[in-house]
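Going by this note's numbering, the letters in the sequence shown line up with residues 7 to 210, in that order.
Cβ coordinates follow ideal geometry from the N, Cα and C atoms, glycine included.
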Amino acid sequence: MKAVIPVVPDELLEQRRRTGADQWDELWEGVLHMPPMPNFDHQGLAQDLEDWLRRNWARPRKGRVYQEVNIAPAGGWPDNYRIPDLILLPRERLVGIRGEYFEGPPLVVVEIRSPGDESYEKLPFYAELGTPEAWIVDRDSRAIEVLVLNRGTYVGVEPDAEEWRTSPATGVQFRPQGERKLALRLESHPADVTMIPEEDDDPQ
Numbered sequence: 007m008k009a010v011i012p013v014v015p016d017e018l019l020e021q022r023r024r025t026g027a028d029q030w031d032e033l034w035e036g037v038l039h040m041p042p043m044p045n046f047d048h049q050g051l052a053q054d055l056e057d058w059l060r061r062n063w064a065r066p067r068k069g070r071v072y073q074e075v076n077i078a079p080a081g082g083w084p085d086n087y088r089i090p091d092l093i094l095l096p097r098e099r100l101v102g103i104r105g106e107y108f109e110g111p112p113l114v115v116v117e118i119r120s121p122g123d124e125s126y127e128k129l130p131f132y133a134e135l136g137t138p139e140a141w142i143v144d145r146d147s148r149a150i151e152v153l154v155l156n157r158g159t160y161v162g163v164e165p166d167a168e169e170w171r172t173s174p175a176t177g178v179q180f181r182p183q184g185e186r187k188l189a190l191r192l193e194s195h196p197a198d199v200t201m202i203p204e205e206d207d208d209p210q
């Protein structure tokens with residue numbers, strides 16, 4: 007259920023600060039968006055992705071992968087920002103780190119899509135920033151969309167004959183594998199496949 011509150015009561019803001027729920031709040035051109043706190047599946051999937059990407063993509067390239075970082079256009083902070091689940095930064099884009107937020111486009115933003123969230127509504131913001139890619143991963147099915155910026159609009163990457171989707175910006179490949187699994191590998195190392203979550207890590 008969505009709700010619109012013309013003026014947010016101070017006591018509601020204080021409650022969110024006290025409970026820590028405000029860490030996921032976003033300002034969309036001055037309008038406060040208060041998404042629900044991500045559940046265990048959502049957070050677990052984001053952590054597994056972050057761990058794999060740090061080890062296999064970022065570390066060899068001296069890049070970084072960050073979870074839940076404010077990103078804003080130049081001059082937009084603190085009135086216009088979004089918080090992707092993950093951002094991927096190659097070494098040359100680390101200059102955008104500003105302490106409380108990242109200024110400008112990451113190489114990739116990753117959104118874990120949970121029921122009723124605003125993952126797709128954020129895409130125009132990411133496109134306007136000039137973010138080359140956006141990945142949207144379904145929390146429940148592990149289905150993934152690799153979206154590439156083309157003339158201001160995101161276009162989906164089609165899977166190959168073996169159902170792998172490739173990120174042109176990173177060389178990372180994805181394929182949903184069975185029930186609630188996601189297979190990952192690098193295009194340069196096709197035999198080295200990792201499943202997330204690993205069998206003994208999945209609470210279900």
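Item                                                                                                                                                                                 : Value
Taking a contact to mean a Cβ-Cβ separation below 8 angstroms, would you say P203 touches G50 in this structure?                                                                     : yes
Touch check for the segment 101-111 and the segment 65-79: three-plus C-beta pairs under 8 angstroms?                                                                                : yes
Buried or exposed, going by whether 16 or more other CB atoms sit within 10 Å of the CB of S147?                                                                                     : exposed
So, are the CB atoms of D91 and A52 less than 8 angstroms apart?                                                                                                                     : yes
Give me, in chain order, the residues of the same chain whose beta-carbon lies closer than 7 angstroms to that of V101; leave out the 5 immediate sequence neighbours on both sides. : none
Taking the alpha-carbon of H195 as reference, which of M201, L188, V178, D54 has the nearest alpha-carbon?                                                                           : V178
Taking only three categories from DSSP, how would you classify P209?                                                                                                                 : Unreliable placement is indicated for P209, whose pLDDT of 49 sits below 50; the coordinate value is still reported in the next sentence. DSSP places P209 in coil when its eight states are reduced to three.
Does the segment 56-65 come close enough to the segment 151-165 that 3 or more CB-CB pairs lie under 8 angstroms?                                                                    : no
From the DSSP output, which residues share a beta bridge with L94?                                                                                                                   : V71, V114
Got a sec, what are the start and stop residues for the beta strand (DSSP E) Y132 sits in?                                                                                           : No beta strand (DSSP E) contains Y132, which is instead part of the alpha helix (DSSP H) from 129-135.
Beta carbon of R145, beta carbon of S120: below 8 angstroms?                                                                                                                         : yes
What ranges does the alpha helix (DSSP H) occupy inside the segment 167-207, keeping only unbroken runs of at least 4 residues that lie completely in it?                            : none
Under 8 angstroms, do L3 and L113 count as touching if we go by C-beta distance?                                                                                                     : Nothing can be reported for residue 3: it is not among the residues displayed for the chain, which extend from 7 to 210.
I'd like to confirm the pairing. Which residues does DSSP put opposite T159 in its beta bridges?                                                                                     : N156
Give the range of the alpha helix (DSSP H) segment to which W141 is assigned.                                                                                                        : First-last for W141: 139-144, but that is the beta strand (DSSP E), not the alpha helix (DSSP H).
Below 6 angstroms CB to CB, which residues in the same chain sit around V115 once its five sequence neighbours on both sides are set aside?                                          : P90, I93, Y132, T137, A140
Just to confirm, is the Cβ distance from E134 to I142 under 8 angstroms?                                                                                                             : no
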